[in-house]
Amino acid sequence: MEELQLIFAIISGIALLLFLIIKLKLNAFLSLLTASIWVGLWGGLSPAIILQSISKGMGDTLAFVATIVGLGAIFGAILEHSGGAQALAKFLLKKGGETKSRLALLITGFIVCIAVFFDVGIIILFPLVKALTNRVKKNVLAFALPLLTGLAVTHSFIPPTPGPVAVADILKVDLGYAIVVGLIIGLPVALICGLWLSKYITPAEVTNFEDEKEMTEEYDTSLVKLIFLILGLPIGLILVGSLFNTLALEGIIAQSKWVEILAFIGHPFVSLLLATLLALYFLGTKRGLTRQELFDVSNRSLSPAGSIILITGAGGVLKQMMISTGIGEMIAASMQNSSFSIVLLAYLVSALVRIMQGSATVAMLTAAGIVAAVIIDMDLAMIDKTLIMMAIAAGSIILSHVNDSGFWLVNRYLNQSVQQTLKSWTIQSTMISVTSFVLIFLIYQFV
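So the sequence shown is numbered by this note's numbering: it starts at 462 and just counts up by one.
Following this line, the structure appears as structure tokens:
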């Protein structure tokens, strides 16, 4: 009887979450929090334990994620405001020439989305896509799909973007592992889907944007160098700090003051703070921005970050409620007696929530909350947990359609009908999702 009650609690909890978001159009933070309390009540928890679970889940998650998302938001805003993203795109386009322009746009999206959100990447880079379309006389999808693929892959797989950071924290995945594995999976998937598979859904007819200005070739070389340096700094520091800390913990090298210093500087808090301060000075002050302008840019950037932080915290609450009720243990026990893969579970839950309610972030956090409760007592290596995290990310990309805000942003900037966007970006997002999951599943079988 207790097992049936727990099954009902989780199924009805997910159904309630989808109902609140889809039907009632309730904010994702409120929806996740309400669904978590529902799961707690039907899972047999007392009111006191439910309140403790909310406090613990929110606190444990935001203790790490809030700082990262806040710093990342300011960093990305300065990059956008400085014109660095467009300068980077023009640099890559000039180096590759028009024959390699699709690859240049894919790489641009891949790099830029490390620092900025997916929708911001579209807004600041799509003028280049339109100008290039007019110049080369091809269909806009020939250039748009590679760019969108690069943006989507990094946004979903590679920290320090908010989604991967939040899932990594909930699953207790080391960010160094997440960056390396994310790159190993993300790069080939981006190349396969962005350059090859996208050709099969790109129409032959030429697109013409009548009001689009001709793209200027000019870009600031010193700015491009700065962008590469500042973007690479936090990732490099995180990787080095994670590597030496892991080697010391495994006993391969001795613990020392230098290991502690590298681990400290390589912690995401410190590395992102350093990168953000450098961005404020070199991309802001040194390029003529006043203190007031930098203050305003930083403040504006924290508005969308606040929403992501709260939604992430609510995802942590759902995880804690799953643990407190014992639902995670029940699912884990049933999986041990079957051949059902935890990686497949992570992907399917994430994909289901994504398809039903549209938000990739909500899909990732819902799946992470459920999976974290399942694996808590499993003896999993860090690489296994990282691949589970990647499976969640892969599921969150699938089938972008009319309930996804990103779908409408793509629709608007491509100047397409709904049917055309369904035949292009919806199919492309699904190809990215399925291709990445196949790769993740194969790697999981052999590690």
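The C-beta atom is built at its ideal place from N, Cα and C for all residues, glycine as well.
*Return yes when the Cβ of Met519 is within less than 8 Å of the Cβ of Val823, no when it is not.*
It is not a contact, given that the beta carbons lie outside the stated cut-off.
_Let me confirm a value: Thr746 is counted as buried when at least 16 other C-beta atoms fall within 10 Å, else exposed. Which label applies?_
Exposed, because fewer than 16 other Cβ atoms sit within 10 Å of the Cβ of Thr746.
*Excluding the 5 residues preceding and the 5 following Met462 in the sequence, name in chain order all residues of the same chain whose CB lies nearer than 8 Å to its CB.*
Confidence at Met462 is low in this model, with a pLDDT of 49, below 50, so its placement is unreliable and the value that follows should be read with caution. Same-chain partners within the cutoff: there are none.
*Would you give the residue range spanned by the alpha helix (DSSP H) that Thr610 belongs to?*
Taken as a continuous stretch (DSSP letters only), the alpha helix (DSSP H) holding Thr610 covers Leu602 to Phe618.
*Are there three or more Cβ pairs, one per stretch, closer than 8 Å when the segment 873-880 is compared with the segment 814-829?*
Short answer: they don't touch.
*Inter-stretch contact (C-beta, 8 Å, three-pair minimum) for the segment 530-545 and the segment 792-810*: Verdict: no, contact absent.
*Reduced DSSP category for Met462 - H, G, I as helix; E, B as strand; rest coil*: Note that Met462 has pLDDT 49, beneath the 50 cutoff, so the model's placement of it is unreliable and no number is given.
*How many Å lie between Pro588 and Asp865 at the Cα?*
Approximately 22 Å, taken between the alpha carbons.
*From the DSSP output, in three-state form, read off Asp681 for me.*
Three-state result, Asp681: coil.
*Helix, strand or coil for Ser800 per DSSP?*
DSSP, reduced to helix, strand and coil, places Ser800 outside both helices and strands of the structure shown, so it counts as coil.
_What does the alpha-carbon distance come out to for the pair Val577 and Thr610?_
When rounded, the distance between both Cα atoms is 15 Å.
*According to DSSP, is Phe743 helix, strand or coil?*
In this structure, Phe743 counts as helix in the three-state DSSP scheme.
*Check whether the Cβ atoms of Met525 and Asp630 sit closer than 8 Å, and answer yes or no.*
Going by the sequence as given, residue 525 is Phe instead of Met. Taking C-beta atoms as the reference points, Phe525 and Asp630 count as a pair closer than 8 Å.
*Between Leu900 and Pro649, which are expected to be in contact by the criterion C-beta below 8 Å, what is the C-beta distance as a whole number of angstroms?*
Contact between Leu900 and Pro649 holds, with the beta-carbon distance rounding to 7 Å and staying under 8 Å.
*Could you check what DSSP says for Asp838 in three-state terms: helix, strand or coil?*
Taken through DSSP and simplified to helix, strand or coil, Asp838 comes out as coil.
_Contact defined as beta carbons within less than 8 Å: I believe Ile893 pairs with Ala613. What is the distance between those atoms, to the nearest angstrom?_
Yes, Ile893 and Ala613 are in contact; Cβ-Cβ is about 6 Å, under 8 Å.
*Please state whether DSSP places Gln716 in a helix, a strand or coil.*
Three-state result, Gln716: coil.
*Below 8 Å, can you find three or more Cβ-Cβ pairs linking the segment 727-743 to the segment 494-505?*
Under the 8 Å Cβ criterion, the segment 727-743 does not count as touching the segment 494-505, having fewer than three qualifying pairs.
*How many angstroms separate the CA atom of Ala476 from the CA atom of Ala546?*
Roughly 40 Å between the two C-alpha positions.
*Would a C-beta distance cut-off of 8 Å place Leu493 and Ala775 closer than the cut-off?*
In this structure, Ala775 lies closer than 8 Å to Leu493 by Cβ.
_Taking the straight line between their C-alpha atoms, what separation do you get for Leu644 and Phe618?_
Between Leu644 and Phe618, the C-alpha separation is close to 8 Å.
*Can you tell me which of the three DSSP states Lys517 falls into?*
Correct three-state label for Lys517: helix.
*Between Gln881 and Ile853, what straight-line distance do the alpha-carbon atoms span, to the nearest angstrom?*
Rounded to whole angstroms, Gln881 to Ile853 spans 28 Å at the Cα level.
*Exposed or buried, which one is Asn669 when buried takes at least 16 other CB atoms within 10 Å?*
With fewer than 16 Cβ atoms within 10 Å of its Cβ, Asn669 is classed as exposed.
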